[in-house]
Amino acid sequence: MTDCLDSDILTAVGQALDWDVDEPLDHLGTCQSCRATLATLAATRNTLARQVAVDPKLVDRIMTQLPVNRTEEPGSARAWKPVMVFNAGMVMITTMAVAVMAAAQTSGPLPGWPVAAAGLVSAVGYLSWQRRPGVVNNE
Amino acid sequence: MTLLDPDLLPAFYAGNHALFRRLVEAHTPRLIAFVRPFADGEDDAEDLVQETWQLVYRKRETFRGTGTLLGWIYSIARNVCLGRRRRVVARGAVSPDPQLHMGSGAASADMVVEDAEFRRDLNAAIMQLPDRERDVVILRLLEQRSTLETASALRCAEGTVKAALHHAVGKLRTSIKEWAP
């Protein structure tokens with residue numbers, strides 16, 4: 016009787032089979048394919064669940080190697096990147112150029128400050144949009 | 476913590492120190508076991524895991540938060556193991572197989588090596604699964620979530636979960652066929 020399954024396991028099996036047990040268990044007892052699949056599931060589960068004891072010093076060593084930001088709080092803006100700054104500059108220049116061209120076609124040359132302000136606002140808008148949390152950047 | 480709470484995603488993207496320490500503490504024991512069959516001893520396994528965490532940190536913004544974090548980390552660990560292997564091959568210092576970790580205990584050395592070889596084959600097969608199938612395997616088998624819970628976590632239909640598990644098990648079964656008695 017030592018090989019017999021205990022009642023907890025049998026209850027779990029019964030529940031999993033919605034208590035329609037005879038036919039599925041008979042099938043499992045004879046079907047090589049189902050048994051191989053079950054064995055694969057068990058081996059996969061055991062492999063994934065495998066853990067080894069880790070020396071806490073290893074965790075410390077890993078953490079010291081990570082350039083993690085110790086001050087940033089959840090939801091804070093993300094790190095600056097050179098490409099982001101370059102793109103912001105391009106957005107600013109493009110906006111200023113468009114503003115100058117639009118002004119030239121309508122009412123003649125504009126004073127410098129509205130053009131600069133338009134460029135600055137568009138660049139800041141671009142940076143805010145880029146640095147919002149959750150943006151995926153595959154750089 | 477195989478699924479990252481959506482509320483924690485901003486902290487993850489920000490590289491928050493406390494969150495990363497929790498992730499490293501939670502997943503390193505499993506990662507070490509996962510890369511060990513590919514490593515040349517214990518120190519090498521720790522180096523591979525350390526390199527994996529560095530890449531996880533650097534690439535954190537590419538994690539979309541729609542799958543399991545562990546599955547995503549495994550895919551990075553796979554690339555680290557493959558990259559290391561390529562570097563060794565390029566140096567011309569490759570051995571036919573990495574030296575398998577020899578555990579201690581009552582089992583004979585042959586059995587330990589055989590077990591390690593089996594785990595290496597199965598780990599490699601798990602690593603090669605498409606992301607969706609690997610996520611389903613992790614949630615259904617490791618976390619023992621129901622089909623409904625898995626579908627909800629991965630934002631897909633229950634039928635998709637069942638099909639993914641079916642395909643994944645078929646591939647895993649094929650990959651470890653030679654180990655069948």
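Sequences listed follow chains A and B, in order. Start counting the first sequence at 16; every next residue gets the next number (our numbering). Start counting the second sequence at 476; every next residue gets the next number (our numbering). All C-beta atoms, glycine included, are put in the ideal place defined by N, C-alpha and C.
By the rule that beta-carbons nearer than 7 Å mark a contact, A:T62 touches chain B. Interface flag for B:W528 against chain A is set, since a Cβ pair is found closer than 7 Å. When C-alpha distances from B:A632 are compared across B:R607, B:A486 and B:T649, the shortest belongs to B:R607. From the beta-carbon of B:P504, the residues of chain A found nearer than 8 Å are Q66, V67, A68 and V69. Taken in chain order, the members of the segment 598 to 631 of chain B whose beta-carbon sits within less than 8 Å of a beta-carbon on chain A are N598, I601, V612, I613, L616 and L617.
Under the DSSP assignment, B:T543 falls outside any alpha helix (DSSP H); it carries neither an H nor an E label. Chain-ordered, the chain B residues with CB closer than 8 Å to the CB of A:T59 read L597, I601, V612, L616, V644 and L647. Here the C-alpha atom of A:D18 lies approximately 46 Å from the C-alpha atom of A:R76. Bounds of any alpha helix (DSSP H) do not take in B:F513, whose DSSP letter is neither H nor E.
Think of a sphere of 8 Å around the beta carbon of A:L56: the chain B residues whose beta carbon falls inside it are L616 and V644, in chain order. A:T45 does not reach chain B, its nearest Cβ partner there being about 17 Å away, counting only Cβ pairs nearer than 9 Å.
Taking the beta carbon of B:I651 as reference, the chain A residues within 8 Å of it are T55 and A58, listed in sequence order.
Nearest neighbour of B:Y488 by Cα position, chosen from B:V555, B:R535 and B:A638, turns out to be B:R535. The shortest CA-to-CA distance from B:Y532 to any of B:D519, B:I548 and B:P481 is the one to B:I548. The beta carbons of A:V106 and A:A131 sit about 14 Å from each other, so the pair does not count as a contact at 8 Å. Across the structure, B:R511 and B:K652 are spaced so that their CA atoms are roughly 22 Å apart. Rounded to whole angstroms, the gap between the alpha carbons of A:L20 and A:D37 is 16 Å. For A:T26, there are no neighbours in chain B by C-beta distance under 9 Å, as the nearest C-beta there is about 16 Å away.
C-alpha of B:L616 to C-alpha of B:L623: approximately 14 Å in a straight line.
The Cβ atoms of B:V612 and B:V636 do not sit closer than 7 Å to each other. In terms of Cα proximity to B:P481, the closest of B:G645, B:R539 and B:F593 is B:R539.
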